[in-house]
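A.B. asks:
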Amino acid sequence: MPNVRTPTAAVVDAAEDLALIAALMGGTRGMRAAAKKHLPQWPNEADNAYDARLSTATLFPAFPRTVEVLAAKPFSRPITLGDDIPSRIKQWCEDVDLQGRNLHSYAASLADAVLAEGMAGILVDHPPKEKGVKTVADERKAGLRPYFVHIRKGDILGWRSVRIKGVETLTQLRLLERVTVEDGPFGEKQIEQVRVLYIGKWEVWRETEKVDEHGDKVWAIHTTGTTTLKRIPFVVVYGKRTGFMTAVPPLMELAHANVEHWQSKSDQQTILHVARVPILFAKNLGDAQIVVGASTAIKADSADADLKFVEHTGKAIEAGRLSLLDLEDRMRQAGAELLVIKPGNVTEVQTLADNEQGMCALQRIAHDEEDAIDAALQLMAEWVGEPQGGHVTIYKEFGAATLAQASLELLRDMNIDGTFSDESLFREAQRRGVISPELDWNAEKTRIAANLKRPGAPVIQD
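Structural data, given as structure tokens:
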């Protein structure tokens, strides 16, 4: 029997992708914790052998690194607050979530979640009024004011909506929350609760010790309250929208490729482990015990006797290495695709418009987040009776004309933050035809070292 904690079908459908992304964003530890879900156990592979293989596997962090680099691009410059933002809301933007983060830092973390998970939400909440708080002056004196809450995709349990004046509008929203409560005189524990938002009111549900006829715990209302707003104060930022309140991660194919690399790299490590240890082959040496080592001799009576080490030819190792390199290149290109500008003139009106330009997927996401923050600021204004919340501007002057250029820009950003070497960047630029194939890295490195030193000159990474 469904209860307030039961997710809707759309939420259940997205859960598998979110679990994969959570494992990848958790790095090597997260992938090891997922165990057989992403690193299958081979047929006839002993449990202890699998455990050893899992404990030595390491993740090539293509997905989390790409998310980090791409999400940082729109925030390489500070968010610009418009002149139409009321002064007190501007002040609140210095600590927009009441956790010490300004609007720029909050928006940057929001972009991380959107690129990784496909969507994220901004809940514009307001602390409940305490006893004795009756006027606006009392609210200001008590420090009560609206603030932003970052809602992750996995915390949305379900929603209901209707079309009001042609606009799809939320009428119910269920959010999963985790709160810490006291446990005995000194301890504490974390419990789940569900916040249900309606237009003009809200409820918080918690699990009780009672059980229903099916043996399931009963959820009951813990607290309730009302709001002065005429809508649910929730705004969604989409990565790759598929419908109202639904989206898929824009880098999902990169995530699957990263899992493929995780599995293939584990296979390669196993092959290397076997190939690095030669096998001792003995022929016609009789049944006597053989001692192999320094200061020992092997006696044989047969002319056909033989004793030698048999080693792997290495062909499988080279094939595996090339396969991994090819997969890594495909992953870089998958991430770079979000930076490639697509044609913008898709209608006759747009074609006739002056300066009509194309837009890459990352620019579109940044534009969508900009609109979402504007809407959230408007909700903040409605909480306190301001006529408007104003507008912000997020940096969007980036993008590349071709996939080769976009992937090279991505590699350059990785080089700047120290996750990609200078030599590898040089080789990749040569492969893309940006640098002459006749140039040699060692010679070029010498010429770079001979350059006149400039303030802030880069240090060559070997």
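Position 200 (the sequence shown) corresponds to 200 in this note's numbering; numbering is contiguous.
Note that the Cβ used here is the ideal one computed from N, Cα and C, for glycine as well.
#1: Could you check the C-alpha separation between glutamine 172 and tyrosine 147 for me, to the nearest Å?
#2: List, from N- to C-terminal side, the beta strand (DSSP E) runs of 3 residues or more that fit wholly inside the region 228-273.
#3: Taking the C-alpha atoms as reference points, what is the distance between arginine 464 and lysine 36?
#4: Going by Cα to Cα distance, which pick from Ala22, Gly239, Asp216, Asn3 is closest to alanine 255?
#5: Between which two residues does the alpha helix (DSSP H) carrying serine 463 extend?
#6: Could you compute how far the alpha carbon of glutamine 269 sits from the alpha carbon of alanine 57?
#7: Given a threshold of 16 other Cβ atoms within 10 Å of its Cβ, counted over all protein chains shown, does tryptophan 42 qualify as buried or as exposed?
#8: In terms of residue numbering, what span does the beta strand (DSSP E) encompassing glycine 390 cover?
#9: What are the complete beta strand (DSSP E) segments, minimum 3 residues, inside the region 9-53?
#10: What does a CB cutoff of less than 6 Å around histidine 126 pick up in its chain, not counting 5 residues either side in sequence?
#11: Do serine 421 and arginine 332 have their CB atoms nearer than 8 Å?
#12: Give, in chain order, every unbroken run of the beta strand (DSSP E) that is at least 3 residues long and sits entirely within the region 112-199.
#13: Inspect the beta-carbon positions of lysine 153 and alanine 14 and report whether they are closer than 8 Å.
#14: Name the residue from Phe234, Met252, Glu203 whose alpha carbon lies nearest to the alpha carbon of threonine 226.
#15: What is the DSSP secondary structure of glutamate 68, reduced to helix, strand or coil?
#16: Could you check which residue in Glu444, Asn284, His222, Gly418 has the C-alpha nearest to that of phenylalanine 426?
#17: Please work out which residues of its chain come closer than 6 Å, Cβ to Cβ, to leucine 307, disregarding the five sequence neighbours upstream and downstream, and give them in chain order.
#18: Would you kindly report the start and end of the unbroken alpha helix (DSSP H) that includes glycine 100?
#19: Short of 7 Å in beta carbon distance, which residues of its chain neighbour leucine 280, apart from the five on each side in sequence? Order them along the chain.
#20: Would valine 237 pass as a contact of leucine 110 if the rule is Cβ separation under 8 Å?
#21: So who's on the other strand from phenylalanine 75, going by DSSP bridges?
#22: Please identify the residue among Arg178, Asn258, Gln363 whose C-alpha is closest to the C-alpha of arginine 195.
#23: Per DSSP, glycine 225 forms a beta bridge with which residues?
#24: Using a Cβ-Cβ cutoff of less than 7 Å, which residues in the same chain neighbour methionine 245 once the five nearest sequence positions on both sides are dropped?
#25: To which residues of the same chain is aspartate 354 closer than 8 Å at the C-beta, ignoring the five residues directly before and after it?
#26: Taking methionine 414 as the reference, which of Arg364, Phe63, Asn3, Asn284 has the closest Cα?
#27: Can at least three beta-carbon pairs, one atom from the region 115-123 and one from the region 249-264, be found at a separation below 8 Å?
#28: Could you tell me which residues DSSP pairs with methionine 359 in its beta bridges?
#29: Measuring CA to CA, which of Ile394, Trp219, Leu327, Asp440 is closest to alanine 71?
#30: Going straight from the alpha carbon of leucine 98 to that of methionine 380, what length do you get?
#31: Please state the DSSP three-state secondary structure of phenylalanine 398.
#32: With a floor of 4 residues, list each alpha helix (DSSP H) that falls wholly inside the region 396-451, ordered by position along the chain.
#33: May I ask which residues mark the beginning and end of the alpha helix (DSSP H) holding alanine 57?
#34: Our contact map puts alanine 107 next to isoleucine 79 with C-beta atoms below 8 Å; I'd like the distance itself, whole angstroms only.
C.D. replies: Well, looking at it:
#1: 20 Å
#2: As summarised for the region 228-273, the continuous beta strand (DSSP E) elements at least 3 residues long and confined to that stretch are 234-238, 240-243, 246-248, given in chain order.
#3: Absent from the model: residue 464. The displayed extent of the chain is 1 to 462, so no value can be given.
#4: The residue with the shortest Cα to Cα distance from alanine 255 is Ala22.
#5: Absent from the structure is residue 463, since the part of the chain shown begins at 1 and ends at 462.
#6: The alpha-carbon atoms of glutamine 269 and alanine 57 are separated by roughly 8 Å.
#7: Tryptophan 42 should be labelled exposed.
#8: Note, glycine 390: premise wrong, no beta strand (DSSP E); not H, not E.
#9: none
#10: Pro146, Trp383
#11: No. Outside cutoff.
#12: List check, beta strand (DSSP E) in window: 119-125, 147-152, 156-164, 167-183, 187-198.
#13: yes
#14: Glu203
#15: helix
#16: It is Glu444 whose Cα lies nearest to the Cα of phenylalanine 426.
#17: Ala282, Ile298
#18: Taken as a continuous stretch (DSSP letters only), glycine 100 belongs to no alpha helix (DSSP H), as it is neither H nor E.
#19: Val292, Phe309
#20: yes
#21: DSSP lists no partner for phenylalanine 75.
#22: Arg178
#23: Trp202
#24: Trp159, Val236
#25: Only weak support exists for where aspartate 354 lies, its pLDDT of 39 falling under 50; the coordinates are left without a value.
#26: Phe63
#27: yes
#28: Lys342
#29: Ile394
#30: 13 Å
#31: coil
#32: Listed in chain order, the alpha helix (DSSP H) runs fully inside the region 396-451 are 403-416, 422-431, 441-450, counting runs of at least 4 residues.
#33: It is not in any alpha helix (DSSP H) - alanine 57 carries neither H nor E in the DSSP assignment.
#34: 6 Å
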